[in-house]
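For reference, the structure is listed below as structure tokens.
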Amino acid sequence: MTDAARREPIFEAQGVIKRFGGIAAVDGASMSIDQGSITALIGPNGAGKTTFFNVITGFYKPDRGTATFGGEAVLGRPPYVLARMGMVRTFQITKALSAMPVVDNMMLAAPDQPGEKLRNLITQPGAVRRREAEVHEQAMELLDVFNLAKLAEHYAGTLSGGQRKLLELARALMTRPRLLLLDEPMAGINPTLGRRLLDHMQRLRAEDNVTFLFVEHDMEVVMGHSDRVVVMAQGRVIADGTPDEVRSDQGVIDAYLGGGA
Amino acid sequence: MSELALPVAISFDAFTSLGFWISVGIFAGTFTIFTLGLQLNVGYTGIFNFGQAGFMAIGAYSMAILVTDKGMNFWVSLPIAILITMGFGLIVGLPSLRLRADYLAITTIAASEAIRLTALNARDLTGGAQGIFGFGDSWDEVADSIEGWLEWLGWSNPDNLAPLLIVVWGVALLLTLTLSKAQRTPWGRVLRAVREDEDAARALGKNAFAYKLQSLMIAAALGAIAGFFLAVNLAFVVPDSFGPTFTFLGYAVLVLGGLTSYWGVAVGAIILQTVLEGLRFLELPISEVKVSALRFVILGLVLIGLMAFRPQGMFGKREEMVIGD
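Respectively, the protein sequence lines represent chains Y and F. Take 1 as the starting number for the first sequence in our numbering and just add one per residue. Take 262 as the starting number for the second sequence in our numbering and just add one per residue.
So, in structure tokens, the structure goes:
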């Protein structure tokens, strides 16, 4: 890929503000994410990372700001519309659909299933069946990649914490995302599974040109696996650059150590 | 020994009477259709509809008013009454389904009581406490011809409620089959996902709100159909038939049969009606009114026992009940 193409931003946010009562959890955050990059979003607790995630994915209504995804305005649009556009998120606390089998979790996420509309069940049962077969195959392939294939028929609620993280990532991939937003994907999983998850991210970026924005606290992971690091503190973006640049930034060090940011 | 008469006895005369069982059967069939809607909402969508009796009232009153007041053909009035009821479902769901689950419970129970109290007081339209009657002629004709067939099949002098029993259960089974089948489609899968975690469903591109609205409107339609059978069975429509107790008994059916089982609804409805009606024949040294009240005490104890020892009901899936997040 040429340098110019790599610099093409897939997502841009400008001056995003989200207030809860008198407190601005996100207080004018701006950032841009390059197509095909892996960007880490870091910051001390309470910096507004998760709130920022919730705002740009439509789960919270913003008070102010703009955001574009692939050139289209996205801020304030409902989550399901953004997901269909290719901007898909996972959650800090995994949301496995517990009382549904693992394979159903996967198949649910597939787009363009006409059988999700009642009238198509009657008018085009053939198309629904064909799509189901297709989706089932894709689901099993992906589960295989994530070492979950043998658990396909188990209820998702019976998986371990780490397996749920993998399932959530695999499920998000079923939607064929262009931008994946992962909220603390490594939290609470053992290092082996964590490494596998990171390998998947690298591979997906290389093979399918998926762009990643992920929130993470483990600095080793952040510095070792991201192209760019965006640092938030007190609702604002205080630094933005390569891992090395951010590491030596005095403002970042102060923010983490509790100095005057 | 012989002079020590037992204080408790059950008279079994009624149990051998065919008329008794036909009457129990019709109510059980009506309850089945009524509760299928609750199963769709509570068991498969995770929304707590406490206003099913209100939807039943809208269906029954719409039909009765269209036929007696507007002179509409009975059979034409049925689909229109269903559409009107679904419209009510939409009106109730639009403001409340976006909010947390408990708001829908409050809104639906309030709407259901508002409907019943309106029916009680809007005398010009609903006949007030006297209600509406005289809408069943078209049904009576059909019932007569079914009776004719039954005689032709060799049942001499069939019970005059037998045709209603046959039709109510025919409809109940057809609806149970249809819903079970719909539940196994991609559409049903989205509903279950909404039940499990609405935000996860939304994050995966599903318009959770639209699915909850559909679920509520279909439940409303099922309530309307149950309302038709109740109206035809009683031959009149009065506000008293549509109290919140009807909805609560629907929930009892749901618990008995088990969440997430459409077939369990039919079994639960049969058991509930048999127990409630059967216990009328308990002979205790207390007044009949007290016996009547005691039935609900016993039903309550049965439900508590079920919750403690078999929370999934008779046909529910235990795994789905015990799996936490």
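For every residue, glycine included, the Cβ atom is placed at its ideal position computed from N, Cα and C. Computed from a prediction, not measured in an experiment: that's the story for all the values here.
What's the gap between the Cα of residue i and the Cα of residue j?
i                      : j                      : result
residue 80 of chain Y  : residue 74 of chain Y  : 12 Å
residue 37 of chain Y  : residue 179 of chain Y : 10 Å
residue 69 of chain Y  : residue 87 of chain Y  : 8 Å
residue 213 of chain Y : residue 460 of chain F : 19 Å
residue 27 of chain Y  : residue 478 of chain F : 41 Å
residue 496 of chain F : residue 521 of chain F : 33 Å
residue 262 of chain Y : residue 91 of chain Y  : Absent from the model: residue 262 of chain Y. The displayed extent of chain Y is 1 to 261, so no value can be given.
residue 127 of chain Y : residue 447 of chain F : 12 Å
residue 5 of chain Y   : residue 209 of chain Y : Low confidence applies here, because residue 5 of chain Y scores a pLDDT of 48, under 50, leaving its location unreliable and the question unanswered by this model.
residue 286 of chain F : residue 531 of chain F : 7 Å
residue 263 of chain Y : residue 237 of chain Y : Lying before the first or after the last residue shown, residue 263 of chain Y is absent from chain Y, which here runs from 1 to 261.
residue 430 of chain F : residue 290 of chain F : 5 Å
residue 558 of chain F : residue 498 of chain F : 28 Å
residue 248 of chain Y : residue 241 of chain Y : 11 Å
residue 261 of chain Y : residue 232 of chain Y : Low confidence applies here, because residue 261 of chain Y scores a pLDDT of 41, under 50, leaving its location unreliable; read the following figure in that light. C-alpha separation (whole angstroms): 11 Å.
residue 31 of chain Y  : residue 239 of chain Y : 10 Å
residue 149 of chain Y : residue 96 of chain Y  : 16 Å
Could you confirm whether any beta carbon from chain F is found closer than 8 Å to the beta carbon of residue i?
i                      : result
residue 117 of chain Y : yes
residue 98 of chain Y  : yes
residue 4 of chain Y   : Legend: pLDDT at residue 4 of chain Y = 46, less than 50; position of this residue unreliable, no value from coordinates given.
residue 170 of chain Y : no
residue 34 of chain Y  : no
residue 24 of chain Y  : no
residue 53 of chain Y  : no
residue 228 of chain Y : no
residue 113 of chain Y : yes
residue 104 of chain Y : yes
residue 158 of chain Y : yes
residue 215 of chain Y : no
residue 178 of chain Y : no
residue 121 of chain Y : yes
residue 44 of chain Y  : no
residue 167 of chain Y : no
Please report the residue range of the alpha helix (DSSP H) in which residue i lies.
i                      : result
residue 463 of chain F : 459-464
residue 29 of chain Y  : That residue, residue 29 of chain Y, is in no alpha helix (DSSP H); its beta strand (DSSP E) goes 23-34.
residue 348 of chain F : 335-357
residue 123 of chain Y : 118-123
residue 478 of chain F : 469-495
residue 517 of chain F : 505-518
residue 542 of chain F : First-last for residue 542 of chain F: undefined, no H or E at that position.
residue 303 of chain F : No alpha helix (DSSP H) contains residue 303 of chain F, which DSSP labels as neither H nor E.
residue 557 of chain F : 549-570
residue 416 of chain F : Element bounds for residue 416 of chain F: n/a, residue is neither H nor E.
residue 316 of chain F : 313-329
residue 444 of chain F : 423-444
So, with DSSP's three-state summary, where would you put residue i?
i                      : result
residue 5 of chain Y   : The pLDDT assigned to residue 5 of chain Y is 48, lower than 50, so where the model puts this residue is not dependable; a value taken from the coordinates is nonetheless given after this. Residue state, collapsed to three classes: helix.
residue 523 of chain F : helix
residue 233 of chain Y : strand
residue 308 of chain F : coil
residue 257 of chain Y : helix
residue 11 of chain Y  : strand
residue 93 of chain Y  : coil
residue 155 of chain Y : strand
residue 263 of chain F : Because the pLDDT at residue 263 of chain F is just 46, under 50, the model does not fix this residue reliably, and the value given afterwards should be weighed accordingly. In this structure, residue 263 of chain F counts as coil in the three-state DSSP scheme.
residue 73 of chain Y  : strand
residue 57 of chain Y  : coil
residue 394 of chain F : strand
residue 64 of chain Y  : strand
residue 100 of chain Y : coil
residue 18 of chain Y  : strand
residue 130 of chain Y : helix
residue 241 of chain Y : strand
residue 182 of chain Y : strand
residue 575 of chain F : coil
residue 361 of chain F : coil
Quick one: does residue i have its CB under 8 Å from some CB of chain Y?
i                      : result
residue 447 of chain F : yes
residue 263 of chain F : Because the pLDDT at residue 263 of chain F is just 46, under 50, the model does not fix this residue reliably, and the value given afterwards should be weighed accordingly. Taking Cβ atoms only, chain Y never reaches closer than 8 Å to residue 263 of chain F, which makes this a no.
residue 326 of chain F : no
residue 584 of chain F : yes
residue 581 of chain F : yes
Considering just the uninterrupted stretch of the beta strand (DSSP E) at residue i, what are its terminal residues?
i                      : result
residue 176 of chain Y : Careful: residue 176 of chain Y lies outside any beta strand (DSSP E) and carries neither H nor E.
residue 40 of chain Y  : 38-42
residue 499 of chain F : Careful: residue 499 of chain F lies outside any beta strand (DSSP E) and carries neither H nor E.
residue 213 of chain Y : 211-215
Taking a cut of 7 Å between CB atoms, which residues from the segment 450-467 of chain F lie near chain Y? 450, 451, 453, 454, 457, 458, 460, 461, 463, 464, 465, 466 and 467
By the 9 Å beta-carbon criterion, what residues does the segment 128-151 of chain Y contribute toward chain F? 128, 131, 132 and 135
Quick one: which residues of the segment 180-205 of chain Y get their C-beta closer than 8 Å to a C-beta of chain F? List them in chain order. none
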